Each structure stands twice: as structure tokens, then as C-alpha cells.
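Just so we're aligned, residue 317 is where the sequence shown starts under this note's numbering, counting upward by one. We treat Cβ as the ideally placed atom computed from N, Cα and C, and that holds for glycine. No experiment lies behind these values; they were computed from the predicted model shown. Everything on this sheet refers to the single structure shown next.
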Amino acid sequence: MLKSRELLDEFRTVFAGQNSFLDAILPPIIFLLVNGLAGFQAAMGSALFVSVLFAIVRIIRKQSLLYAFTGVGSVLAAIGIVWLLGKSEGFFLPGLVSGSTTLLLTIASLLIRRPMVAWTSYLARRWPLDWYWHPQVQPAYSEVTFVWALFFAARLLLQFSFFESSQVNSLAIINFITGWPATILLLIFSYLYGTWRLAQLRGPSVEEFRNETPAPWQSQRRGF
């Protein structure tokens with residue numbers, strides 16, 4: 317029970333109400349459903365309407381305009397590709413491109429020993445950046461980032477496979493499953509493994525690092 321509450325608190329910290337999985341999930345689902353019933357034009361119009369609706373809600377809630385318009389921009393790009401290709405699977409091409417870019421950035425971050433998961437944690441928590449690169453802290457973030465790279469690679473392989481074979485329904489299903497359901501599970505794993513690994517590494521906690529406390533350290537017991 318205590319660990320469950322801790323996980324919920326951590327999810328609130330990471331997402332902070334600014335990001336929504338619905339922005340990414342609903343437009344493709346709406347496109348797929350309407351495309352099967354009423355064709356390209358109705359599907360594209362419906363997907364665009366949903367993304368604009370999300371943008372309006374974000375503006376009313378005074379959330380970041382970046383979040384508000386990113387969804388609209390991605391849907392417009394997808395619609396443009398559908399018009400050019402004349403195929404409904406083109407709607408998912410921008411996601412494939414962004415997924416490929418994310419995988420490349422993840423691998424690059426591991427190669428330069430500045431793991432991506434450390435950067436995402438830093439942006440969410442604003443802990444001292446140098447703490448993440450401590451030799452008794454960084455391995456935990458590198459190992460979790462490696463797992464994320466495997467996930468991104470497997471998802472991309474499945475998506476490209478269905479895209480090339482024009483299996484639009486399968487592509488939409490994979491996008492959904494590897495979207496928020498898989499991401500939440502991966503975040504839970506990342507947090508549980510990450511906090512355990514930090515304890516095993518016996519590096520300084522964030523507060524110990526800030527206070528320049530000499531070893532032996534308590535290590536970071538909560539937050540990742």
C-alpha cells in the first residue's frame with residue numbers, strides 16, 4: 317500500500333498535469349473508426365476536430381501552448397501525408413518518424429554516457445544535473461535507459477512491419493497497446509528498479525549531494 321501511494325505521488329510529479337496521453341491516442345483511433353465508416357475525408361476532419369478540441373481545453377486551462385498545439389500540428393502533418401500517399405496508413409507515418417528519432421536519441425544518450433532517462437528525470441524534478449552523472453548514480457539511469465531503448469526498438473519494428481504490409485487496423489492496435497498502457501507499465505518498472513538500483517549502488521542521495529556529505533551515504537530512497 318505504501319509503495320502504491322509512492323508510485324501515485326511520483327506519477328503526479330512526473331506528469332504534473334501538463335501532458336496527456338489522450339492527445340496522442342484519440343485522434344488516430346477516431347481516424348481509424350471514421351475511415352472505416354465514412355472514408356478519408358470524414359476521418360481526417362474528425363481527427364483534426366478532436367485534436368483542436370484538446371488544444372482549446374488546454375488553452376482554457378492555461379496550460380503550455382506548446383502542448384496545446386503540438387497535437388494539432390502532428391495531426392495536420394499526418395493528414396498531409398495521407399493526401400500525398402492516398403493511403404490511410406500514411407496517418408501513422410509521423411509517429412514512425414518520431415519513434416525512430418526517439419530511438420536514435422536514446423541510443424546516442426547511452427553512447428555518450430548521458431542517459432535519456434536522467435534527462436527526463438531532471439526536467440521533471442530539477443534535481444542537480446551533476447548528481448545524475450555521479451559514478452554511483454549514473455549506472456541506474458543507464459540501465460533503465462537501455463530497457464527503454466529495447467522497448468522503443470521492439471515497438472518500432474512492429475509498427476514498420478504493419479505499415480509496410482498496409483495492415484492499418486493492426487497498426488492502430490499496436491499504437492494503442494504500446495502507447496499509454498505499455499508506457500505506464502514501463503514507468504512503474506523504471507521507478508521500482510531505479511530506486512532499488514540506486515540503493516544497491518550506495519551513491520549519495522540528492523540532499524547528500526547538495527550538502528556535499530561525505531561517504532558512506534544513505535543513497536536515494538525515493539524518487540528516480
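Should residue i and residue j be called a contact, given that it needs their Cβ atoms to be closer than 8 Å?
i: V388; j: A363; result: no
i: F385; j: H450; result: no
i: G519; j: Q452; result: yes
i: A456; j: L369; result: no
i: T461; j: T422; result: yes
i: L445; j: Y438; result: yes
i: K378; j: S482; result: no
Per DSSP, what kind of secondary structure is residue i in: helix, strand or coil?
i: Q334; result: Any reading at Q334 needs caution, since the residue's pLDDT is 49, under 50, leaving its predicted position unreliable; the model's value is listed next. Q334 falls in the coil class under three-state DSSP.
i: T511; result: helix
i: F365; result: helix
i: R374; result: helix
i: P532; result: coil
i: S506; result: helix
i: P410; result: helix
i: G539; result: coil
i: T546; result: Beyond the ends of the chain as shown, which are 317 and 540, falls residue 546; an answer cannot be given.
i: P497; result: helix
i: S521; result: coil
Excluding sequence positions up to five away, which residues of its chain have a Cβ less than 8 Å from the Cβ of residue i?
i: Q454; result: R429, P431, A434, Y448
i: L400; result: G406
i: L472; result: L412, G415, S416, L419
i: F468; result: G415, T418, L419, T422
i: A465; result: L419, T422, I423, L426
Could you give the distance in angstroms between the alpha-carbon of residue i and the alpha-carbon of residue j?
i: R442; j: S521; result: 14 Å
i: L420; j: I504; result: 23 Å
i: P497; j: A488; result: 14 Å
i: A394; j: L501; result: 28 Å
i: G510; j: T436; result: 14 Å
i: L412; j: A531; result: 46 Å
i: V459; j: A358; result: The amino acid at residue 459 is misidentified as Val; the sequence shows Glu. Near 45 Å, if we compare the C-alpha coordinates of A358 and E459.
i: I346; j: I397; result: 17 Å
i: W533; j: V463; result: 27 Å
i: S535; j: G495; result: 32 Å
i: A440; j: L508; result: 17 Å
i: V373; j: T529; result: 46 Å
i: E523; j: L514; result: 14 Å
i: W512; j: S506; result: 10 Å
i: L409; j: R537; result: 41 Å
i: L484; j: M360; result: First, the amino acid is wrong: residue 484 is Val here, not Leu. Rounded to the nearest angstrom, the two C-alpha atoms are 15 Å apart.
Here's a check: name, in chain order, each residue in its chain whose Cβ is nearer than 7 Å to the Cβ of residue i, leaving out the five neighbours to either side.
i: F478; result: S486, L487, I490
i: F476; result: L412
Taking 7 Å as the cut-off, is the C-beta of residue i nearer than that to any heavy atom in the ligand GDP?
i: Y448; result: Ligands displayed in this structure: none; no statement on the ligand GDP is therefore possible.
Within the 8 Å Cβ cut-off, does residue i reach chain C?
i: I346; result: In summary, chain C is missing from the structure at hand, where a single protein chain is found.
(message) Quick check on the DSSP output: what are the complete alpha helix (DSSP H) runs of length 4 or more inside the region 425-492, in order along the chain?
(response) 432-441, 445-448, 454-480
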